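Just so we're aligned, residue 1 is where the sequence shown starts under the working numbering, counting upward by one. Structure record follows, encoded as structure tokens.
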Amino acid sequence: MNRERSQKLYERALKVLPGGVNSPVRAFRSVGGTPVFMESGQGCTVRDVDGNQYLDFCNSWGPLICGHRHPDIVSAIQKQLDRSLTLGIPTESEVKLAEFILEGFKESLPSIRKIRFVSSGTEAVMSAVRLARGFTGRNKIIKFDGCYHGHSDALLVKAGSGLATAGIPDSSGVPEAMTSDIIVIPLDDEQAVSEAFKAYGNEIAAIILEPVPANNGLLLQRQEFLQFLRDITRKHDSLLIFDEVINGFRLAFGGAAEYLGIEPDLITYGKIIGGGMPVGAFAGRDDIFKLLAPDGPVYQAGTLSGNPVAMEAGLAQMKLLTPELYANLELKRKRIQDAFNDRSYDFQMTGIASIFWFHHGEAPRTSGAIDRDSMKTYAALFHHCLDRGIYMAPSGYEVGFLSSAMEDSDLDRFLETVFEFFDGK
Ligand SMILES: *Cc1c(COP(=O)(O)O)cnc(C)c1O
1 MNRERSQKLY ERALKVLPGG VNSPVRAFRS VGGTPVFMES GQGCTVRDVD
51 GNQYLDFCNS WGPLICGHRH PDIVSAIQKQ LDRSLTLGIP TESEVKLAEF
101 ILEGFKESLP SIRKIRFVSS GTEAVMSAVR LARGFTGRNK IIKFDGCYHG
151 HSDALLVKAG SGLATAGIPD SSGVPEAMTS DIIVIPLDDE QAVSEAFKAY
201 GNEIAAIILE PVPANNGLLL QRQEFLQFLR DITRKHDSLL IFDEVINGFR
251 LAFGGAAEYL GIEPDLITYG KIIGGGMPVG AFAGRDDIFK LLAPDGPVYQ
301 AGTLSGNPVA MEAGLAQMKL LTPELYANLE LKRKRIQDAF NDRSYDFQMT
351 GIASIFWFHH GEAPRTSGAI DRDSMKTYAA LFHHCLDRGI YMAPSGYEVG
401 FLSSAMEDSD LDRFLETVFE FFDGK
């Protein structure tokens, strides 16, 4: 496969963009080689600048659940282009998207009654944490090792030396003061959570987690563990925040909360909610949102928040998310997962809804249980697939996403290519 123009673009990019990219994983550092520069996407495929076509399992890291350039989304954007690009003044588009989402939550998430739109997942999480602290009047937040919550200072944190101790910055440039109120503990560990509450109970504003952690492998949690988090936060008047930036509208319309039947107090969204445009949101209980500016003292704002082009794109995608779509995607994922696991390779595929992940051995539930050495095998699988017209995320810690634009024949081609790799290994 000739990728000469990609190579040349990468060289140009390196001169003006740090690492040649605008978000680190895109740089192929964990799989090696040169990033592919894409020119376009349509349905389930993307085309690079050299004219090579790939079946796309990255789907822009999750947002494109209906595939690239779904005609309904493209036409909604085109209509909006005749009205305005941005006004910074209220528009009907924001109201329509908020109404559509909250109406869709009415049965499964009855207490989620307000939503605010922002422009990224990072912003959504940062704002939800501020709101939780403002509402409870407490500072400490419990976060789990293996969950990603965007790149805001306070949440770029890793575990300290012992259980239930203050987290330490996970990035240069983050002062310790920013992370000292974040308690980082392992997933799947009720005892660690109990200890944290024993030590700091009336100081803990909230527990935040990805209910289905999907940013550091796919670490499916036990239902009892998630229910335990719901119960212990209620008992201590702390809030439960589900970071559903990936899970939201992916597992079900009401995200993991609906899929798992656990209603948190606050939920953050991103990715799918914008239909491919940069949108994030946080939603929650009415009494909590009373504290958000302009109604209350917790400040939060955004020049381009609720941007009408992005709202129209989001609304168009939301309207496509029917129960049939989810059922179909789940069937497709189960089909490839079963076919792969039937082969009994030393790798397994774990999945939920339309998310899948390759891993070595048993399905891990904590980040510590991930086999780091298996990442070399993933890198080889990645390049095997790339050279045969299949684009997966360029890191073994990232999950794959199916889109409704994928047909069984596309998935069969994917399986054949993957089998060929493992059979020859
Ligand atoms: C992607 C992601 C974020 C960050 O969202 P950005 O739009 O990249 O800022 C936060 N939390 C979770 C769970 C995510 O998957």
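No residue lacks a Cβ here, since even glycine has one placed at the ideal position from N, Cα and C. If you're wondering where the values come from, they're calculated on a predicted model, not measured in any experiment.
Any non-hydrogen atom of ligand 1 within 8 angstroms of residue i CB
{"i": "K271", "result": "yes"}
{"i": "H70", "result": "no"}
{"i": "V125", "result": "yes"}
{"i": "V245", "result": "yes"}
{"i": "W61", "result": "yes"}
{"i": "C147", "result": "yes"}
{"i": "A205", "result": "no"}
{"i": "D354", "result": "As written in the sequence, residue 354 is Ser, which differs from the Asp given in the question. No, the beta carbon of S354 sits no closer than 8 angstroms to any heavy atom of ligand 1."}
{"i": "G41", "result": "no"}
{"i": "P278", "result": "yes"}
{"i": "G424", "result": "no"}
{"i": "A448", "result": "Examination of residue 448 is not possible in this model, given that the chain is present from 1 through 425 alone."}
{"i": "N215", "result": "yes"}
{"i": "H151", "result": "yes"}
{"i": "S6", "result": "no"}
{"i": "S111", "result": "no"}
{"i": "G314", "result": "no"}
{"i": "E416", "result": "no"}
{"i": "S395", "result": "no"}
{"i": "T322", "result": "no"}
{"i": "S171", "result": "no"}
{"i": "G121", "result": "yes"}
{"i": "E210", "result": "yes"}
{"i": "T426", "result": "Only positions 1 to 425 of the chain appear in the structure, and residue 426 is not among them; the question remains open."}
Rounded straight-line distance, which links the Cα of residue j to that of residue i
{"i": "F225", "j": "L209", "result": "12 angstroms"}
{"i": "H359", "j": "R372", "result": "10 angstroms"}
{"i": "L109", "j": "Y259", "result": "11 angstroms"}
{"i": "S403", "j": "W61", "result": "11 angstroms"}
{"i": "S120", "j": "A283", "result": "14 angstroms"}
{"i": "I168", "j": "K158", "result": "5 angstroms"}
{"i": "N341", "j": "A257", "result": "28 angstroms"}
{"i": "I288", "j": "Y269", "result": "17 angstroms"}
{"i": "V351", "j": "T45", "result": "Here residue 351 is Gly; the residue named in the question, Val, does not match the sequence. Spanning the two alpha carbons is a distance of roughly 22 angstroms."}
{"i": "Q221", "j": "I89", "result": "42 angstroms"}
{"i": "D265", "j": "N52", "result": "46 angstroms"}
{"i": "E94", "j": "N328", "result": "29 angstroms"}
{"i": "F242", "j": "I267", "result": "5 angstroms"}
{"i": "K376", "j": "E362", "result": "18 angstroms"}
{"i": "G314", "j": "C385", "result": "31 angstroms"}
{"i": "V129", "j": "K96", "result": "26 angstroms"}
{"i": "A124", "j": "G280", "result": "6 angstroms"}
{"i": "R116", "j": "S344", "result": "46 angstroms"}
{"i": "E312", "j": "E103", "result": "17 angstroms"}
{"i": "L239", "j": "L415", "result": "42 angstroms"}
{"i": "E99", "j": "S194", "result": "38 angstroms"}
{"i": "P364", "j": "E324", "result": "30 angstroms"}
{"i": "V418", "j": "L381", "result": "7 angstroms"}
{"i": "G389", "j": "F57", "result": "11 angstroms"}
Contacting residues, own chain, Cβ-Cβ under 6 angstroms from residue i (five flanking each side not counted)
{"i": "V174", "result": "D153, L156"}
{"i": "P213", "result": "G146, C147, L219"}
{"i": "R113", "result": "D286"}
{"i": "R5", "result": "V49, D50"}
Opening and closing residue of the beta strand (DSSP E) in which residue i lies
{"i": "M349", "result": "347-352"}
{"i": "H68", "result": "Note, H68: premise wrong, no beta strand (DSSP E); not H, not E."}
{"i": "F282", "result": "280-284"}
{"i": "I370", "result": "Taken as a continuous stretch (DSSP letters only), I370 belongs to no beta strand (DSSP E), as it is neither H nor E."}
{"i": "V429", "result": "A question about residue 429 goes unanswered here, because the residues of the chain that appear run from 1 up to 425."}
{"i": "T179", "result": "Segment 176-179 is the alpha helix (DSSP H) holding T179; no beta strand (DSSP E) there."}
{"i": "F37", "result": "Element bounds for F37: n/a, residue is neither H nor E."}
{"i": "F144", "result": "140-145"}
{"i": "I207", "result": "204-209"}
N-terminal and C-terminal residue of the alpha helix (DSSP H) that residue i is part of
{"i": "Y200", "result": "190-200"}
{"i": "P186", "result": "Premise fails: P186 lies in the beta strand (DSSP E), 182-186, not in any alpha helix (DSSP H)."}
{"i": "E420", "result": "408-424"}
{"i": "E224", "result": "223-235"}
Same chain only: Cβ atoms within 8 angstroms of residue i, ignoring 5 sequence neighbours per side
{"i": "M126", "result": "G150, S152, A154, L155"}
{"i": "D408", "result": "K332, R335"}
Chain-order list of residues whose beta-carbon lies under 7 angstroms from that of residue i (same chain, five-residue window excluded)
{"i": "G43", "result": "G67, H68, A405"}
{"i": "D170", "result": "L156, V157, K158"}
{"i": "A27", "result": "G19, G20, V21, P35"}
{"i": "R250", "result": "G62, I65, I272, A353, S354, I355"}
{"i": "I77", "result": "V309, E312, A313"}
{"i": "K15", "result": "none"}
Chain C within 9 angstroms of residue i, Cβ atoms only
{"i": "V25", "result": "As a matter of chain content, chain C is missing from the structure shown, which is built from one protein chain."}
Can you give, in chain order, each stretch of the beta strand (DSSP E) that sits fully within the segment 239-263 and has at least 3 residues?
239-243
To test your reading of the DSSP string, which unbroken alpha helix (DSSP H) runs of 4 or more residues are found completely within the segment 288-366?
308-320, 323-342
Please specify which runs of the beta strand (DSSP E), each continuous and at least 3 residues long, are wholly inside the segment 55-120, giving them in chain order.
114-118
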